[in-house]
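Asker:
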Amino acid sequence: MRRYLILSLIISLVVTALSLLSAGCSSGSGDQRAFSNDHRVFLPVIASSERPAERYTFFVAGHTYGVPEVNNPGVHPPFKAMFPQINSLHPVFGVFTGDIVIKSTPTDWDEVDADLAELTAPVHFAVGNHDMTNRDLFVSRYGPTYYAFEYQGDLFIVLDGELNQGNIVGEQMGVLRDMIQGNRWQNVFVFVHRLLWVTEGTPYYVLRDRINNPSVYTSQNNFWEDVEPLLRGLDAQVYVVAGDVGVTWAMALFYEEYENMHLIASGMGGSEEENFLVFDVDAADVRIQAQRLDGQPLERGVIEAYNLAYYSSVP
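Going from the sequence shown to my numbering is simple: count from 1 and add 151.
#1: Expressed to the nearest angstrom, what Euclidean distance is found between the alpha-carbon atoms of Leu-382 and Pro-228?
#2: Pick helix, strand or coil for Val-196, following the three-state DSSP scheme.
#3: My output table needs one value for Asp-386: the three-state DSSP class, helix, strand or coil.
#4: Measuring only the C-alpha atoms, how far is Pro-365 from Ala-393?
#5: Could you give the C-beta distance for Tyr-368 and His-281, rounded to a whole number, given that I count them as a contact under 8 Å?
#6: With distances taken Cα to Cα, identify the nearest neighbour of Ile-251 among Asn-238, Val-218, Leu-270.
#7: Could you check which residue in Ser-464, His-413, Val-396 has the C-alpha nearest to that of His-214?
#8: Go through its chain and collect everything with a Cβ distance to Tyr-207's Cβ below 7 Å, but skip five positions before and after it.
#9: Return the residue from the list Pro-354, Gln-440, Asp-259 that minimises the CA-CA distance to Leu-240.
#10: Find the nearest neighbour of Ala-411 within the set Gln-337, Ser-370, Glu-351, judged by alpha-carbon distance.
#11: How would you label Val-349, buried or exposed, when you count the other beta carbons within 10 angstroms and need 16 or more for buried?
#12: Taking the alpha carbon of Glu-407 as the point to measure from, which residue in Gly-384, Phe-430, Tyr-462 has its own alpha carbon closest?
#13: Quick check on Thr-258: buried or exposed, where buried means 16 or more other Cβ atoms within 10 Å of its Cβ?
#14: Do Ala-204 and Ala-387 come within 8 Å of each other at the CB atom, strictly closer than that value?
#15: Should Gly-418 and Glu-424 be called a contact, given that it needs their Cβ atoms to be closer than 8 Å?
#16: Is the distance from the Cβ of Leu-459 to the Cβ of Tyr-355 below 8 Å?
#17: Could you tell me how far apart the beta carbons of Phe-488 and Tyr-390 are, in whole angstroms, since I believe they sit closer than 8 Å?
#18: How many Å lie between Asn-318 and Gly-312 at the Cα?
#19: Compare the C-alpha of Gln-236 against each of Tyr-457, Ala-456, Gly-446, Val-465 and name the closest.
#20: Out of Asn-285, Thr-256, Thr-284, Thr-248, which one is the CA nearest neighbour of Val-274?
#21: Looking at Asn-285 and Ile-253, is the spacing between their C-beta atoms short of 8 Å?
#22: What's the C-alpha gap between Asp-360 and Phe-405?
#23: Assign Thr-296 to buried or exposed, taking buried as 16 or more other Cβ atoms, counted over all protein chains shown, within 10 Å of its Cβ.
#24: Would you identify the three-state DSSP class for Tyr-409, choosing helix, strand or coil?
#25: Looking only at its chain, what residues have a beta carbon closer than 8 Å to the beta carbon of Val-437, apart from the 5 residues adjacent to it on each side?
#26: Looking at C-alpha atoms only, which residue of Arg-292, Arg-328, Glu-269, Glu-322 is the closest neighbour of Gln-384?
#27: From Val-357 to Val-211, what distance separates their C-alpha atoms?
#28: Restricting to Cα atoms, I'd like to know which of Gln-371, Arg-292, Ile-415, Phe-342 is closest to Gly-352.
#29: Using only CA atoms, which one of Leu-414, Val-398, Thr-271, Ile-415 lies nearest to Gly-421?
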């Protein structure tokens, strides 16, 4: 684990140095600012162990291409309208939890990149099925589809739930196991597009028809067999955040908590309560707010009210 983090830091420093040198030779400080906001070069950040952890904020947005079958020039317009509000929060980074483009083409990704240049924070991508309509293109532009980084004593893991139909196996499972070795974090945040916990034979299967695109889901995966026990065994609060919700026929928000586990889904795409999440982290105190894109308060008041018991009781 330590060797991985050291290597990641070295890579980050080298990439930063080379890119800044290139920017300085071409266009001066303007290009350097653009580089600093470019999610494509936001590599793992290592917080100094010599300083106490400071409070920080990050945001998470799911299904950001928006309304199904509508190919916006960039991200979902109501979400883009929230960019000034997001910038005012001074987040250290953001995470898009999949279905960032309606189809993976150079033009669609160029448009997303242009929109994200208006954010002051870099953005990580956890890929969705739409983004993987051209996997090679995505990887050539943005790099690996699963990885991890550490920030302020917390661990952040980005998973690719599209690689094996919702199964986290092979090399990806090996990376997950390697990353959590040491068990020394206060909080662990896992980002993935699919609601991996919605499998047949579990209470969560009632949520299947409340997902954006249940047709791409298999009835089973290895979340409950392999992934969840690994995460639940950590001496840390674990937040698994998915983004395949938010269209008109689906739920827009989900939150379930048990033991040290928090299963969360949030997204957009035309539903009345389409939203993005803001995480405010102060050591072990993690506060999560869902911000509706129309600026209205949540109908149920708080994110915790959108739990399994609620969805099991409503048609």
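Where a beta carbon is used, it is the ideal one built from N, C-alpha and C, also for glycine.
Answerer: Taking the definition as stated:
#1: CA-CA distance, Leu-382 to Pro-228, rounds to 35 Å.
#2: Only weak support exists for where Val-196 lies, its pLDDT of 43 falling under 50; the value from the coordinates is given anyway. Of the three classes helix, strand and coil, the one that applies to Val-196 here is coil, per DSSP.
#3: Three-state DSSP puts Asp-386 in coil, outside helix and strand.
#4: In a straight line, the C-alpha of Pro-365 is about 14 Å away from that of Ala-393.
#5: Wrong, their Cβ atoms sit about 14 Å apart, outside the cutoff.
#6: Checking every option, the nearest Cα to that of Ile-251 belongs to Val-218.
#7: Of the candidates Ser-464, His-413, Val-396, the residue whose Cα lies closest to the Cα of His-214 is Val-396.
#8: Cβ within range, chain order: Val-243, Gln-303, Val-432.
#9: Each of Pro-354, Gln-440, Asp-259 was checked against the Cα of Leu-240, and the nearest Cα belongs to Gln-440.
#10: For the sequence presented, residue 411 should be read as Asn rather than Ala. Ranking Gln-337, Ser-370, Glu-351 by Cα distance to Asn-411 puts Gln-337 first.
#11: Buried, because 16 or more other Cβ atoms sit within 10 Å of the Cβ of Val-349.
#12: Comparing C-alpha distances from Glu-407 to each of Gly-384, Phe-430, Tyr-462 shows the shortest one belongs to Tyr-462.
#13: Flag for Thr-258 reads exposed.
#14: No; because the gap between Cβ atoms is not below 8 Å, this pair is not in contact.
#15: Contact flag unset, no.
#16: Their beta carbons are under 8 Å apart, which means Leu-459 touches Tyr-355 by this criterion.
#17: No answer is possible for residue 488: it lies beyond the span of the chain, which begins at 152 and ends at 466.
#18: In a straight line, the C-alpha of Asn-318 is about 7 Å away from that of Gly-312.
#19: For the residues Tyr-457, Ala-456, Gly-446, Val-465, the minimum Cα distance to Gln-236 belongs to Gly-446.
#20: Per the Cα distances, Thr-248.
#21: No, these two residues do not count as a Cβ contact at 8 Å.
#22: Computed Cα separation, rounded: 13 Å.
#23: Buried, since its Cβ has 16 or more Cβ neighbours within 10 Å.
#24: Note: Tyr-409 maps to strand in three-state DSSP.
#25: The answer, listed in chain order, is Asn-338, Gln-388, Tyr-390, Phe-430, Asp-431.
#26: Before going on, a small fix: residue 384 reads as Gly here, not Gln. It is Arg-328 whose Cα lies nearest to the Cα of Gly-384.
#27: Going from the Cα of Val-357 to the Cα of Val-211 covers about 24 Å.
#28: Closest option to Gly-352, Cα to Cα, is Gln-371.
#29: Nearest of Leu-414, Val-398, Thr-271, Ile-415 to Gly-421, Cα basis: Val-398.
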